[in-house]
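Let me begin by presenting the structure, written as C-alpha cells, before commenting on it.
Numbering (UniProt numbering), first residue to last: 1 to 135.
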C-alpha cells in the first residue's frame, strides 16, 4: 500500500484544504470521510477548554496569569541554568512562559528514575503555566 493509495482516504476538512496543507497533490478520492473535528490538525477538545479558561479568567486574570507564568519560568530557568544549558533565551537571558533545557549531552544511563526521555528526544520542554482563577 503506497502513499497514493493512502491519500485516497485522507479526511477532508470543509474550511482547510487538506491537500494543499500537507503538500500532497489532490488525488481522486475513493470515499472522502468529511470533517471529523473542528480543529483541522489538532485536538478538538482544546477549543472548549481554551474558551472556558479565557471566560473564567477575564482580561485582568489572563494578564495576571501571564505575568506569573513568565515570572515562574524565568525563576526556574535562572535556577537551572548553572546545571543545564537553556536554549532560546532572549537578549537579556530571559525566557517567555516556557523554556527548553538541552539534554543532548545526557547518556541513557544518566537518566534519573521518573524522568523518561526517549532516545529520539533530546530536548525537554518545560511548559510553565499558572492557573489563577481570580477575576
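Here a beta-carbon is modelled for each residue, glycine too, at the ideal position from N, C-alpha and C.
It should be emphasised that the depicted structure is a prediction, and the values quoted were computed from it without experimental measurement.
**Prompt:** What is the DSSP secondary structure of residue 45, reduced to helix, strand or coil?
**Reply:** Three-state DSSP puts residue 45 in coil, outside helix and strand.
**Request:** Counting only the same chain and skipping the five closest in sequence on each side, list residues whose C-beta sits under 7 angstroms from that of residue 128.
**Result:** Low local confidence applies: a pLDDT of 37 at residue 128 is under 50, so the model's placement there is unreliable, with the coordinate-based value given in what follows. Excluding sequence neighbours, residue 128 sits near 69, 72, 73, 76, 97 and 98.
**Prompt:** Residue ranges of each alpha helix (DSSP H) run of no fewer than 4 residues wholly in the UniProt domain "Glycine dehydrogenase C-terminal" (65 to 111), ordered along the chain?
**Reply:** Qualifying alpha helix (DSSP H) stretches: none in this window.
**Prompt:** Buried or exposed: where does residue 95 fall if 16 or more other Cβ atoms within 10 Å of its Cβ makes it buried?
**Reply:** Buried, by the Cβ-count rule.
**Asked** With a Cβ-Cβ cutoff of 8 angstroms, do residue 45 and residue 54 count as a contact?
**Response** Their beta carbons are not under 8 angstroms apart, which means residue 45 does not touch residue 54 by this criterion.
**Asked** Is residue 88 closer than 8 angstroms to residue 101 when the C-beta atoms are compared?
**Response** Contact: no.
**Prompt:** Is it right to say residue 57 is buried, meaning 16 or more other beta carbons lie within 10 angstroms of its own, or is it exposed?
**Reply:** With 16 or more other CB atoms across the displayed protein chains lying within 10 angstroms of its CB, residue 57 is buried.
**Prompt:** Whose C-beta lies closer than 8 angstroms to the C-beta of residue 66 among residues of the same chain, with five residues either side of it excluded?
**Reply:** The residues are 97.
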